[in-house]
Every structure is written in C-alpha cells, then in structure tokens.
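All residue numbers in the sequence shown are consecutive under the numbering used here, ending with 363.
A virtual CB, placed ideally from N, CA and C, is assigned to each residue, including glycine.
Everything on this sheet refers to the single structure shown next.
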Amino acid sequence: MSVKIIGSNIPNLPWQDRPASASLNSPIWRYSENPIIGRNPVKDVARIFNSAVLPHDGKFIGVFRGDGTDSVQRLYLGESIDGIKWDFRPEPIQFVDEKGEPFQPLYSYDPRLLHIEGVWYVMWCQDFFGASIGMAKTTDMKTFTRLENPFIPFNRNAVLFPRKINGAFKMLSRPSDNAHTPFGDIFISESKDLEYWGRHRHVMSTKSGWEALKIGGSAPPIETSEGWLCFYHGVELTCSGYVYAVGGAILDIDEPSKVLYRCKNYLMRPETPYEEMGMVPNVVFPVAALADAATGRIAIYYGAADSYVGLAFTTVDETVKFIKDNSKLSEEDAGIGRR
Ligand code: BMA
C-alpha cells in the first residue's frame, strides 16, 4: 500500500523512526525527548500547550496557547529552526479589527493555523458573550486582523481545510456549551468569503468508549489519495474525569461531510507521565499534523495534560491502513437519513 500525501514537501520535518518499543496498538509513536515545551516557557506564562505550527521559509512558525500566571489564556507567536526548539515572542499577539484598531480578545485558546492562497488564518476559541470561534488573518505574521465571528455561541474546535473545495472554504466545528461541554458532534460549514457561513452538514457523532462523551476536530485535515485524513479528539467520562484521546477518520475529498472510514480504536491515548499528570490529567490534544509529501511522514503536535507540548510521529501509510483495517461506520457516519 502506498498512500500519497497531496501537498508540499517538508524536507526538515522533525522525525524519529518508529522504535522497537512503540505500542503494538497504535500507528503513532512519541518523540523520545518529549515534552518539547516545558513549564514556564515565557515570562508570565505558566504553560504552553494545544498549539499550532506550520513550515515557513525553511523554518517553522507557530501560534501557541499560553496560559498566564494570571490564569488568562492568550496566543503567542513562536519560531523554530527545527520544529522542536522554539523561541517565543515575549508579548501575546496583538489583534486589530478591519479598521486597524486594537481588538484584543478577552481570552484565546486552542489555536489552529492554516496557510491558504498566500494568507495565514488563525482560528481559536474566544469569548463572544460565551465560548465561540475567533478568526484572524495575516500576510506578514505582524498584523493580525480579526474577521467576523463565523458562528454565534457556543462553539469550539474550528478547523479550516487547507484548501478551498469546489470554490469554497470549509470548516469543521463543534457546537458546545459555555463550560466543560459534556456532549458534542462534529459539523462542517462552508463559506465563499470567510464572512457568511452556511450549508451546514453533520460529519460525525459520538460513539462508545473513548469517544462516548464528545468529539471535536483537532489538526487541519491532510489531503491524501484516499481522502482527507483527519486526526480528531474523542473524550470519555471516567470516575476521575474526562480522558482525551486521538481518533482517526478519512473524509471524502470533494464532499468532506461524508465519512469514508472511521477507526473504532483510538490512535493515541494518555500513557506517559507528562500526558497523565499535569494541570488537567489524561489529555492528549493534537492541533497540528505536518505532512511531508515526499516521504509520507507526519509529525503531530499535541497538548499534553494542559501543561506541555508533545510531538509524535506516524506515516500516512501506517495511519491510513490502521484506520481502514479498524473502520466501523454506523448508518449515521454514512450519512443515511440526515444531512
Ligand atoms: C477542552 C479544551 C482544551 C483542553 C481540554 C482539557 O474543553 O478547553 O483546551 O485541553 O478541555 O482540559
């Protein structure tokens, strides 16, 4: 089997070969030097986690969630030569509105970062009289202009697709509540101009076990010859609280509301001390998956225990095979009866 990644080459993608000790139950393995970002990485920032990165000019850039020592969540820019050691700007990103006036969100968390047709887009969770989706664009990584609110509250986990599909931007999102949402399915919406969103469709609902409570989009989908490869997160409620795992699905290239394969097993779940212990124990929360078209290698950046950033690896062949071999679609996944 040889699945093709349809995208750019990233010759300096962070990488380690799969070690002999890697789990038999997963196509993903962790970087041996995890976590790559530890506590107190910036003055007044206690923890950086759930953060988004992209290759840029032979190096890497990222938008990082930094939870301050005042407990406010803000977004910080970071740069890296190797995608592993990061230098952060000391001040949070300063957003402006479309007139260029300062327009700072009250709080910001869980950013995603995309580069589409020469423009970077950041989307994150912010306050709009309740948790909702924030969006901004930049062409120079200096001026970040906020866009209209795509949705009314409550909504989280917005993930744009990395290119327009049939002439329209597509975005996954997860309608929510204003707290630690004990429910949630993934939906998709489209827009021609990033201002007016519509044609909302259901993508996936919760299932049982590790994804029984809620699911949400995580890393931006990767275009492959088999469809859009999606790493999403699934949550189970246990006696000691929520447990966040990584799931995998493949969506139709032209109609991504259609689920082609969905893995019944999780791809990754908290197993290491830095994932099981921290501010919020038992969380792995991916927000970026960089894919090298030349080699099929994928590097996943994930938040660990709401305290650290971890790095994990897989190949497109291994993950697509694992998802297909373990796929179990319900009638709802297949879009029967409801759109
Ligand atoms: C979710 C989000 C994530 C966080 C997770 C676990 O609701 O807020 O930022 O990692 O909870 O606390």
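**OP:** From the DSSP output, read off the bridge partner residues of residue 145.
**Re:** Residue 145 sits at position 121 when you count from the first residue of the sequence shown. Assignment of beta-bridge partners to residue 145 by DSSP yields 138, 161.
Original post:
Could you give the uninterrupted runs of the beta strand (DSSP E) lying entirely in the segment 272-312, keeping only those of 3 residues or more?
Top reply: Counting only runs of at least 3 residues, the segment 272-312 fully encloses the following beta strand (DSSP E) elements, listed from N- to C-terminal order: 283-286.
Subject >> Identified DSSP bridge partners for residue 364 >> reply: Here the chain comprises residues numbered 25 to 363, so residue 364 is not present and cannot be evaluated.
**OP:** Can you tell me which of the three DSSP states residue 248 falls into?
**Re:** Against the sequence shown, residue 248 aligns to sequence position 224. DSSP places residue 248 in the strand class (E or B) of the three-state scheme.
**OP:** Return yes when the C-beta of residue 327 is under 7 angstroms from any heavy atom of the ligand BMA, and no when it is not.
**Re:** On the sequence shown, position 303 is the one that residue 327 refers to. Within the cutoff, so yes.
Subject >> Assigned exposure category for residue 290 - 16 Cβ within 10 Å defines buried >> reply: The residue labelled residue 290 in the question sits at position 266 within the sequence shown. With 16 or more neighbouring CB atoms inside 10 Å of its own CB, residue 290 falls in the buried class.
Original post:
Is residue 110 helix, strand or coil by DSSP?
Top reply: As a working note, residue 110 is residue 86 in the sequence shown. Correct three-state label for residue 110: coil.
Original post:
For residue 113 versus residue 331, is the C-beta spacing smaller than 8 angstroms?
Top reply: Position 89 of the sequence shown, counted from the first residue, corresponds to residue 113. Position 307 of the sequence shown, counted from the first residue, corresponds to residue 331. At a Cβ-Cβ threshold of 8 angstroms, residue 113 and residue 331 do not count as neighbours.
**OP:** Kindly provide the ranges of any beta strand (DSSP E) runs that are 3 or more residues long and lie completely inside the segment 178-232, ordered along the chain.
**Re:** Runs of the beta strand (DSSP E) inside the segment 178-232: 179-184, 193-199, 210-215, 222-228.
Original post:
If we ignore side chains and look at the alpha-carbon of each, how far apart do residue 324 and residue 46 end up?
Top reply: Residue numbering aside, residue 324 sits at position 300 when the sequence shown is read from its first letter. Residue numbering aside, residue 46 sits at position 22 when the sequence shown is read from its first letter. Rounded to the nearest angstrom, the two C-alpha atoms are 16 angstroms apart.
Original post:
Comparing alpha-carbon positions, which option in 145, 220, 355, 111 lies nearest residue 163?
Top reply: In the sequence shown, the residue the question calls residue 163 occupies position 139. Of the listed residues, the one whose Cα sits closest to residue 163 is 145.
Subject >> Three-way DSSP call (helix, strand, coil) for residue 83 in this model >> reply: Your numbering for residue 83 matches position 59 in the sequence shown. Three-state result, residue 83: strand.
Subject >> Distance cut-off 7 angstroms: residue 74 Cβ against heavy atoms of the ligand BMA >> reply: Counted from its first residue, the sequence shown places residue 74 at position 50. Checking every heavy atom of the ligand BMA against the Cβ of residue 74, one is found closer than 7 angstroms.
Original post:
Contact check, residue 346 vs residue 51 under 8 angstroms by CB: the rounded distance?
Top reply: Position 322 of the sequence shown holds residue 346. Position 27 of the sequence shown holds residue 51. The beta-carbon distance between residue 346 and residue 51, rounded to whole angstroms, is 4 angstroms. This is short enough to meet the 8 angstroms contact definition.
Original post:
Going by the C-beta, is residue 224 closer than 7 angstroms to any heavy atom of the ligand BMA?
Top reply: What you label residue 224 is simply residue 200 of the sequence shown in a count that begins at 1. Not so, every heavy atom of the ligand BMA lies at least 7 angstroms from the Cβ.
Original post:
Contact between the segment 261-269 and the segment 241-253: three or more CB pairs below 8 angstroms?
Top reply: Using a C-beta cut-off of 8 angstroms, the segment 261-269 makes no contact with the segment 241-253, since fewer than three inter-stretch Cβ pairs fall below that distance.
**OP:** Quick one: using the 10 Å Cβ neighbour count with 16 as the cut-off for buried, is residue 35 buried or exposed?
**Re:** Against the sequence shown, residue 35 aligns to sequence position 11. Around the beta carbon of residue 35, fewer than 16 other beta carbons lie within 10 angstroms, which makes this residue exposed.
Original post:
Would you report the Cα separation of residue 53 and residue 343, rounded to the nearest angstrom?
Top reply: Here residue 53 refers to the residue found at position 29 when the sequence shown is read from its first residue. Here residue 343 refers to the residue found at position 319 when the sequence shown is read from its first residue. When rounded, the distance between both Cα atoms is 11 angstroms.
**OP:** Please confirm if the segment 114-130 is in contact with the segment 169-185, defined as three or more CB-CB distances below 8 angstroms between the two stretches.
**Re:** A contact exists between the segment 114-130 and the segment 169-185.
Subject >> Terminal residues of the beta strand (DSSP E) in which residue 389 lies >> reply: Within the shown structure, residues of the chain are numbered from 25 to 363, placing residue 389 beyond reach of any answer.
Subject >> Separation of residue 109 from residue 83, as counted between CA atoms >> reply: Here residue 83 refers to the residue found at position 59 of the sequence shown. Here residue 109 refers to the residue found at position 85 of the sequence shown. Answer to the nearest angstrom: the Cα atoms are 11 angstroms apart.
Subject >> Paired residues, beta bridge with residue 103 - DSSP >> reply: Here residue 103 refers to the residue found at position 79 when the sequence shown is read from its first residue. 85, 111, per the DSSP bridge assignment.
Original post:
Can you find a heavy atom of the ligand BMA that lies under 7 angstroms from the Cβ of residue 344?
Top reply: What you label residue 344 is simply residue 320 of the sequence shown in a count that begins at 1. No, the ligand BMA has no heavy atom inside 7 angstroms of this Cβ.
Original post:
Is it buried or exposed for residue 263, if we count other Cβ within 10 angstroms and need 16 for buried?
Top reply: Within the sequence shown, residue 263 is the residue found at index 239, counting from 1. Flag for residue 263 reads exposed.
Subject >> Cα-Cα separation, residue 208 to residue 273 >> reply: Within the sequence shown, numbered from 1, the residue matching residue 208 stands at position 184. Within the sequence shown, numbered from 1, the residue matching residue 273 stands at position 249. So the two alpha carbons sit approximately 17 angstroms from each other.
Original post:
Among 333, 338, 307, which residue has its Cα nearest to the Cα of residue 321?
Top reply: Along the sequence shown, one-based indexing puts residue 321 at 297. It is 338 whose Cα lies nearest to the Cα of residue 321.
**OP:** Could you spell out where the beta strand (DSSP E) holding residue 333 opens and where it closes?
**Re:** On the sequence shown, position 309 is the one that residue 333 refers to. Note, residue 333: beta strand (DSSP E), 332-339.
Original post:
According to DSSP, what are the bridge partners of residue 117?
Top reply: Here residue 117 refers to the residue found at position 93 when the sequence shown is read from its first residue. Note: residue 117 sits in no beta bridge, so no partner.
Subject >> Local conformation of residue 91 per DSSP, three classes >> reply: The residue you call residue 91 lines up with position 67 of the sequence shown. In the structure shown, the three-state DSSP call for residue 91 is strand.
Subject >> the segment 271-285 contacting the segment 233-249, beta-carbon criterion three pairs below 8 angstroms >> reply: By the Cβ test, the segment 271-285 is in contact with the segment 233-249, since at least three Cβ pairs between them sit closer than 8 angstroms.
**OP:** Please state whether DSSP places residue 316 in a helix, a strand or coil.
**Re:** As a first step, residue 316 must be located in the sequence shown, where it is residue number 292. Coil, per DSSP.
Subject >> Segment limits, beta strand (DSSP E) that includes residue 321 >> reply: Indexing the sequence shown from 1 puts residue 321 at position 297. According to the DSSP assignment, residue 321 belongs to the beta strand (DSSP E) that extends over 321-328.
**OP:** Identify which residue in 103, 75, 81, 80 has its Cα closest to the Cα of residue 90.
**Re:** Counted from its first residue, the sequence shown places residue 90 at position 66. Taking only the C-alpha atoms, the option nearest residue 90 is 75.
**OP:** Buried or exposed for residue 181, please, with buried defined as at least 16 other CB atoms from any protein chain shown within 10 angstroms of its CB.
**Re:** The residue labelled residue 181 in the question sits at position 157 within the sequence shown. Counting every other CB atom within 10 Å of its CB across the protein chains shown gives residue 181 a total of 16 or more, marking it as buried.
Original post:
Taking just the CA atoms, how far does residue 212 sit from residue 160?
Top reply: Along the sequence shown, one-based indexing puts residue 160 at 136. Along the sequence shown, one-based indexing puts residue 212 at 188. Taking the straight line joining both Cα atoms gives about 19 angstroms.
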